[in-house]
Amino acid sequence: MAGLGEILEENARLRELVRLQAEQVDAAVKSTAALTEQLAKLAEQFEALKASNEMYTRHFLFVEQRRKMAAAERLQSAEMQAPLFDGLRVEAPPRDPSLQPASADRQEENGKTDKRKSAAHQRKGRRDVADLPFPRRRLTAPVTPSTCDTCGGERQLTEPRVTHRVGWQPGHFTVVEVHQQQCRCPKCPKAEVWAAPEPELLPGAMCDDSLLARVIVDKFGDHLPLNRQADRMTREGFPVNENVLSGWVRQGATPLRLLVSALRKQVAQASTILGDDSGFPVQDGTDGRLGNGRLWVFTDRRQAFFAFSRTKEGEHPAAVLQSLDVAGIRLVVDGGSEYNDAVAELGLNRGGCWSHLRRYFFDAAVQHEDAKAGLKTIMDLFLIERQIADVSDAERLATRKARSAPLVDGFYTWVRALVPKVRPGSKLGAAVGYAMSQEPRMRLFLEHGDVPLHNNLSELLLRQPIVGRKNWLFAGSEGGALAAADWFSLIASCRMQKLDPWVYLYDVFGRLLDYPSQRVHELTPLNWRLAVEKGDITPRSRGAGSKVS
Ligand SMILES: [Zn+2]
């Protein structure tokens, strides 16, 4: 049997075990308390983070909302404040109507319902523009604070009016933030707000001048129809439809009219101008059928202008030239009878086109070996002209008298000898008949150094719109055709002056807004190029404005 010693030993062992366990339990309790404490701290931190996250979210929503509101020209609204109140919808507090800026918005609220509808529509468009993901650029239209009409005090600058437009820089769209500065008298609450005018050619449009210029050049320079332009823009991230673009093109032509008129006058100042014409059908809009139309071009070889008329009658070129006071100048055209009126009424000195005459003999040469002799002489005349292309008019005239005149005399001696021998109905008969009827016109270049041998240049200029004619299904209407003639005039003149028409138009659109009308001739492609070369004009595209964000 176990002794007392053994029992005592067992008892001590058990007691030690209990003590150790109690110690462990104690430690466990302590560590649980520490963990609980730590957890509480973490929970606290989490709450703090959550709160600050919510704050940032609200702030972000607020900033976003404010940006959209600014785009919509609205400074305060219930929607803007809502995110500040944890999603609770709170009515905006009332405001003193006499203290609010006299924005378009407020005027519209006082106006008619349909007006409000269209303004709301426009606001939506503007908001969409502000959200487009393109590089942003700021354009500030400054206003000079003047004195108040009522109290004579100084007007002070207030918040600018901010709108958004889509712009275009070579290679990409931009979002243009237009800041129109505003000022008002701080002492007279009812005094008017004076705002800087919109610094873009088309008031209230979604496009800025750079994008308008691109649309014009693509359509009238590169013959890209508006529907295809709209498709391309949509693909490139700016959803827009054809009708919007067509509105820009129509609206844009009006402020350009004075400039085109100045361009016409410059061309008409030359002592020799070249002309040509071609069919240019228009859609009447009634039954979708094509109506007649005619496009005329006149050039002094430095610039050119186009004119449109419904018919081919001679009264049209006569009226165009009459309005330009060109009495007595030399006009180089082909043999067409449509210039007879102008020549007779205005006492013009008419020159013929040796290219045209050459074509008659070229056609005849297929059947008549004789015609080839005439072609060779005409070729010599062209080769002589190539040698004297860059000399002065006086030198050119001297060379022509010495070398070309004997060739022309010989040519006409040859033609006269052919007259009794050719059948009038044959190709050679037609060539001989044309040569005989045009003789004085064909000889005009032998009297004047500045008269060209041919009017190939004006034919070339006309070819541009005619290529486009196929591509964009004719001018949409007579008004459209008149506008097209103006755009062709500017773009063709840019090309003749070796200017990028986009750079030119973008710059000129900006200048036209406040250019004195009696000095608008300074902005024609020729004079604009000279001003750029002199450093008087720095094209807008070279200083694209300050970038934001
Ligand atoms: Zn005042």
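Just so we're aligned: 549 in this note's numbering is position 475 of the sequence shown, and the numbers increase by one with no gaps anywhere. For every residue, glycine included, the Cβ atom is placed at its ideal position computed from N, Cα and C.
What's the call for residue i, buried or exposed, on a 16-neighbour Cβ count within 10 Å?
| i | result |
| --- | --- |
| Gln256 | buried |
| His442 | buried |
| Gly311 | exposed |
| Arg331 | exposed |
| Tyr130 | exposed |
| Ile81 | exposed |
| Ile565 | buried |
| His246 | exposed |
| Lys501 | buried |
| Cys225 | exposed |
| Thr106 | exposed |
| Ala327 | buried |
| Gly609 | exposed |
| Glu118 | exposed |
| Pro263 | exposed |
| Arg537 | exposed |
| Thr237 | buried |
| Ala505 | buried |
| Arg384 | exposed |
| Gln95 | exposed |
| Glu233 | exposed |
| Arg616 | exposed |
| Leu276 | buried |
| Glu84 | exposed |
What are the residues that DSSP puts in a beta bridge with residue i?
| i | result |
| --- | --- |
| Glu228 | Thr221 |
| Phe372 | Gly349, Phe379 |
| Asn423 | Arg404 |
| His238 | Glu251 |
| Gln357 | Leu364 |
| Ala344 | Per DSSP, none; premise fails for Ala344. |
| Ala215 | Gln254 |
| Gln243 | His246 |
Beta-carbon within less than 7 Å of residue i's beta-carbon, same chain only, minus the 5 sequence neighbours each way: which residues are those?
| i | result |
| --- | --- |
| Ser532 | Leu348, Gly349, Asp350, Val371, Thr373 |
| Val217 | Gln255, Gln256, Cys257, Trp268, Ala269, Ala270 |
| Lys475 | Leu520 |
| Lys345 | A quick correction: the sequence has Ser, not Lys, at residue 345. Around Ser345: Ile403, Arg404, Asp524. |
| Arg338 | Phe379, Leu398 |
| Phe436 | Leu449 |
| Glu228 | Pro219, Thr221 |
| Arg470 | Ile462, Gly523 |
Could you name the residues of the same chain whose beta carbon sits closer than 8 Å to that of residue i, not counting the 5 residues immediately before and after it, in chain order?
| i | result |
| --- | --- |
| Thr187 | Low per-residue confidence applies at Thr187: pLDDT is 42, beneath 50, and the placement is therefore not dependable, though the value from the model is reported in the following sentence. None. |
| Val400 | Ala342, Ile347, Leu420, Leu422 |
| Arg324 | Gly553, Gly554, Ala557 |
| Ala491 | none |
Keeping to the same chain, check which residues put their C-beta closer than 6 Å to that of residue i; ignore five residues upstream and five downstream.
| i | result |
| --- | --- |
| Ala463 | none |
| Asn184 | With a pLDDT of only 41 at Asn184, under 50, the local geometry of the prediction cannot be trusted, and the value read off the model is given with reservation. Result list for Asn184: empty, nothing under 6 Å. |
| Gln512 | Gly409, Gly426 |
| Ala72 | No statement about residue 72 is possible, as the shown extent of the chain runs from 75 to 623 and does not include it. |
| Val334 | Asp560, Ser563 |
| Val394 | Ala381 |
| Glu412 | Lys386, Gly388 |
| Met307 | Val314 |
| Thr214 | His253 |
| Arg424 | Leu405, Val417, Arg515 |
| Ile458 | Arg477, Ser478 |
| Leu88 | none |
| Ile611 | Ala605 |
| Ala438 | Ala445, Lys501, Leu502, Ala505 |
What do you reckon, is the C-beta of residue i under 7 Å from a heavy atom of ligand 3?
| i | result |
| --- | --- |
| Ala125 | With respect to small molecules bound, the structure shown includes ligand 1 and not ligand 3. |
Secondary structure, beta strand (DSSP E): runs of 3+ residues fully inside the region 245–318: 246–258
Secondary structure, alpha helix (DSSP H): runs of 4+ residues fully inside the region 439–497: 445–461, 467–473, 479–492
Neighbouring residues (CB closer than 6 Å to any heavy atom of ligand 1): Cys222, Thr224, Cys225, Gly227, Cys259, Lys261, Cys262, Ala265
Within the region 551–587, ranges of the alpha helix (DSSP H) (whole runs, at least 4 residues): 552–570, 575–586
Ranges of the alpha helix (DSSP H) found wholly within the region 87–114, counting only runs of at least 4: none
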